[in-house]
Amino acid sequence: MNIQELKDNIDSIVSNNSSKEEKLQQICDYLASEISYYDWVGFYFKNGDKEELKLAQFNGEPTDHTIIPFGKGICGQVAVSNENFVVQDVSEQDNYISCGWKVKSEIVIPIFIDGENVGQIDIDSHTVNPFTQNDEVLLEYVCKKVATFI
1 MNIQELKDNI DSIVSNNSSK EEKLQQICDY LASEISYYDW VGFYFKNGDK EELKLAQFNG
61 EPTDHTIIPF GKGICGQVAV SNENFVVQDV SEQDNYISCG WKVKSEIVIP IFIDGENVGQ
121 IDIDSHTVNP FTQNDEVLLE YVCKKVATFI
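The numbering of the sequence shown is UniProt numbering, which starts it at 1 and goes up by one.
Written as structure tokens, this is what we have:
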């Protein structure tokens, strides 16, 4: 994983003249195509004033989890904790919402605007234990960039 090259390409997506939705989709598509173990890449955002997340753009198999209550599953926990959540083996998590039998691990990184958690990027992998510190560094960077245009 060449983090600098990935960051540079994220910068190019963020700086293009596409709509917010198009940029989010381009980021999902790019990450899914460049990192072999990113099998599902998506964004969830706070759903208005409700205590829930709503699925936005994603790359991967369709999911039934288009609305996730705060506190439920990995994404819902990140909405409450405001902290990164790396799950190297989803079978070891009690509060996990299964998105499909293929999913073995998940990483969720929150997106902040002015200190408020407004959403997150969610990555599912069909591999157990794939995520490293580099993934967190890259995805934190992506979230900071996304916060500049949403």
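A virtual CB, placed ideally from N, CA and C, is assigned to each residue, including glycine.
If you run the structure through DSSP and keep just helix, strand and coil, what is residue i?
i, result
"VAL86", "strand"
"SER19", "coil"
"GLN93", "coil"
"ASP64", "coil"
"ASN129", "coil"
"TYR37", "coil"
"GLN11", "The question names Gln, but residue 11 is Asp in the sequence shown. Helix."
"ILE150", "coil"
"ASP49", "coil"
Roughly how many whole angstroms lie between the Cα atoms of residue i and residue j?
i, j, result
"SER15", "TYR96", "35 Å"
"SER33", "LEU6", "11 Å"
"GLY60", "ILE35", "13 Å"
"VAL128", "LYS50", "33 Å"
"SER91", "VAL103", "10 Å"
"ALA147", "GLU116", "11 Å"
"ASP124", "ASP114", "27 Å"
"GLU21", "ALA56", "8 Å"
"PHE58", "ILE13", "15 Å"
"ASP64", "GLU52", "15 Å"
Taking the beta strand (DSSP E) that residue i belongs to, which residues open and close that run?
i, result
"SER125", "116-125"
"GLU106", "105-113"
"TYR44", "40-46"
Need the endpoints of the alpha helix (DSSP H) that residue i sits in, please.
i, result
"GLN57", "Per DSSP, GLN57 belongs to no alpha helix (DSSP H); it is in the beta strand (DSSP E), 52-59."
"ILE68", "Per DSSP, ILE68 belongs to no alpha helix (DSSP H); it is in the beta strand (DSSP E), 67-69."
"VAL142", "133-146"
"VAL80", "73-81"
Comparing C-alpha positions only, which one of the options sits nearest to residue i?
i, options, result
"GLY48", "SER19, CYS28, VAL118, VAL41", "VAL118"
"VAL80", "ILE67, PRO110, SER105, VAL87", "PRO110"
"ILE67", "TYR44, LYS145, ILE27, ASP89", "TYR44"
"ASP135", "TRP101, ASP11, PHE85", "PHE85"
"LEU138", "LEU31, PHE112, GLU83", "LEU31"
"MET1", "SER18, ASP39, GLN25, GLN133", "GLN133"
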